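Read through the structure below, which is laid out as structure tokens, and then see the notes.
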Amino acid sequence: MSVKITSLNVKGLNSPNKRRLLLRSLKSAKSDIAFIQETHINKVAKVRLTDHIYTVAVSAHSVVKRNGVSILFRKTCPFKITSEVCDSDGRFVLVSGSLYASTCHLINIYAPNAQSEQFWTDMITLVASLPPGMVIVGGDMNAVPCAAVDRRSQTGTDRAPGLSGQDRAFYTFLRRSDLLDAWRVLHPDDRDFTFYSAPHGSYSRIDLLLCNAASMARVVRADIHSITWSDHADISLQLAVPQSSGPWKWKLNASLLRDSDVIAQTRVALDQYFTENASE
Numbered sequence: 024m025s026v027k028i029t030s031l032n033v034k035g036l037n038s039p040n041k042r043r044l045l046l047r048s049l050k051s052a053k054s055d056i057a058f059i060q061e062t063h064i065n066k067v068a069k070v071r072l073t074d075h076i077y078t079v080a081v082s083a084h085s086v087v088k089r090n091g092v093s094i095l096f097r098k099t100c101p102f103k104i105t106s107e108v109c110d111s112d113g114r115f116v117l118v119s120g121s122l123y124a125s126t127c128h129l130i131n132i133y134a135p136n137a138q139s140e141q142f143w144t145d146m147i148t149l150v151a152s153l154p155p156g157m158v159i160v161g162g163d164m165n166a167v168p169c170a171a172v173d174r175r176s177q178t179g180t181d182r183a184p185g186l187s188g189q190d191r192a193f194y195t196f197l198r199r200s201d202l203l204d205a206w207r208v209l210h211p212d213d214r215d216f217t218f219y220s221a222p223h224g225s226y227s228r229i230d231l232l233l234c235n236a237a238s239m240a241r242v243v244r245a246d247i248h249s250i251t252w253s254d255h256a257d258i259s260l261q262l263a264v265p266q267s268s269g270p271w272k273w274k275l276n277a278s279l280l281r282d283s284d285v286i287a288q289t290r291v292a293l294d295q296y297f298t299e300n301a302s303e
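Letter 41 of the sequence shown, counting from 1, is numbered 64 in this note's numbering, and no numbers are missing.
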């Protein structure tokens, strides 16, 4: 069974038109699970991010119209939710559950765009606290795994060597959490970007889907798509998840109890059994 996970920074979903556009885009992409960042929906707003196709949304909102993350689930998605953790500042949301027979943890992140070592330290602690299972972390990290290949200036020249403070904190998170950059694992020699910053005149790959070893072993595809209606490109990965039917259970065909031939044969068999096993 293939499960498709999409991640996209939407830069605000207070407009009904943008919400409809998002849901149509997810439907067209055949996404089963969607990590959405920068919803900009505050905690008291009565805004729905679901429809008849994406029927479940787990969200973390801020008290003001900033940040905001949501994980949306398609109605047919086999993910069964058992627990949720929603950040009070709208920076992350954690959903734990099962994907068929596999324990799975999903973390959607919208990281601070300024250096914040404490945020990444908290994320290290969060990942370390998870029970064994598949771990998939996605979102807008506002940092890159490797500045030398994941950033480029508008003129086509690379940024000067060296990591920013945010890049360093993010790299520490990757290393200590034992997470792999799914797109880079499957595209070791490619170069692509998910965001263009007009003020800085630079391209960067700050939108990522990260996997632990258990989930990376099941990733069969990872893609960076085009920048369309948002100022970020959507990214996606596909998981090949074994489908377990569970233990087999025998069930009586109740219609046999109304079949006269079966009833007669059963009576004969019972009479014979009690005759042969009668106590002396």
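Virtual Cβ for every residue (Gly too), placed ideally from N, Cα, C.
What you are looking at is a predicted structure, and each value in this text was computed from that prediction instead of being measured.
- Inclusion of ARG228 and ASP163 in the CB contact set at 8 Å is not warranted, their separation being larger than that value.
- Ranking ILE130, TRP206, LYS53 and GLY91 by CA distance to the CA of VAL242 puts TRP206 first.
- For the pair TRP143 and PHE196, the CB atoms are nearer than the 8 Å cut-off.
- Around the CB of THR105, fewer than 16 other CB atoms lie within 10 Å, so the residue is classed as exposed.
- Distances from the alpha-carbon of THR62 to those of SER238, LEU45, ILE130 and ILE286 put LEU45 closest.
- Judged by DSSP in its simplified three-state form, ASN40 adopts helix.
- Taking the C-beta atoms as reference points, ILE94 is found nearer than 8 Å to VAL116.
- Boundaries of the beta strand (DSSP E) harbouring TYR133: 125-133, taken from the DSSP string.
- With the rule of 3 Cβ pairs closer than 8 Å, the segment 210-217 counts as touching the segment 238-258.
- Residue pairing by DSSP puts ASP204 in a beta bridge opposite LEU233.
- Going by DSSP, THR144 is part of no beta strand (DSSP E) but of the alpha helix (DSSP H) stretching over 140-151.
- When DSSP states are grouped into helix, strand and coil, PHE193 belongs to the helix group.
- Contact fails between the segment 285-295 and the segment 60-75, because fewer than three Cβ pairs, one in each stretch, are under 8 Å apart.
- DSSP places ASP163 in the uninterrupted beta strand (DSSP E) bounded by 157-163.
- Inter-residue distance for PRO101 and ILE56 is about 10 Å (C-alpha atoms, whole angstroms).
- The secondary-structure analysis by DSSP pairs THR29 across a beta bridge with ALA57 and SER259.
- For ASP173, the enclosing alpha helix (DSSP H) starts and ends at 170-173.
- For PHE96, the closest alpha carbon among the candidates LYS88, TRP252 and VAL81 is that of VAL81.
- Membership of LEU72 in any beta strand (DSSP E) is not indicated, and neither H nor E is assigned to it by DSSP.
- The beta carbon of ASN136 is closer than 6 Å to those of ASN165 in its chain, skipping five residues each way along the sequence.
- At the C-beta level, VAL70 and ASN32 stay beyond 8 Å of one another.
- For the options SER176, ASP190, ALA52 and GLN189, the alpha carbon positioned closest to that of PRO222 is the one of SER176.
- ALA292 sits exposed, since fewer than 16 C-beta atoms from the chains shown fall within 10 Å of its C-beta.
- Secondary structure of ILE286 (DSSP, three-state): helix.
- The alpha carbon of ASN131 has as its nearest neighbour, out of ASP212, GLN141 and GLY161, the alpha carbon of GLY161.
- Rounded to the nearest whole angstrom, the CA to CA distance from VAL158 to VAL208 is 16 Å.
- Take SER225, set aside five residues on each side of it, and the residues of its chain with a beta-carbon closer than 8 Å to its own are ARG174, ARG175, SER176, GLN177, ARG182 and TYR219, in chain order.
- The residues CYS234 and MET239, in chain order, have a CB closer than 6 Å to that of LEU203 in the same chain once the five nearest residues on each side in sequence are set aside.
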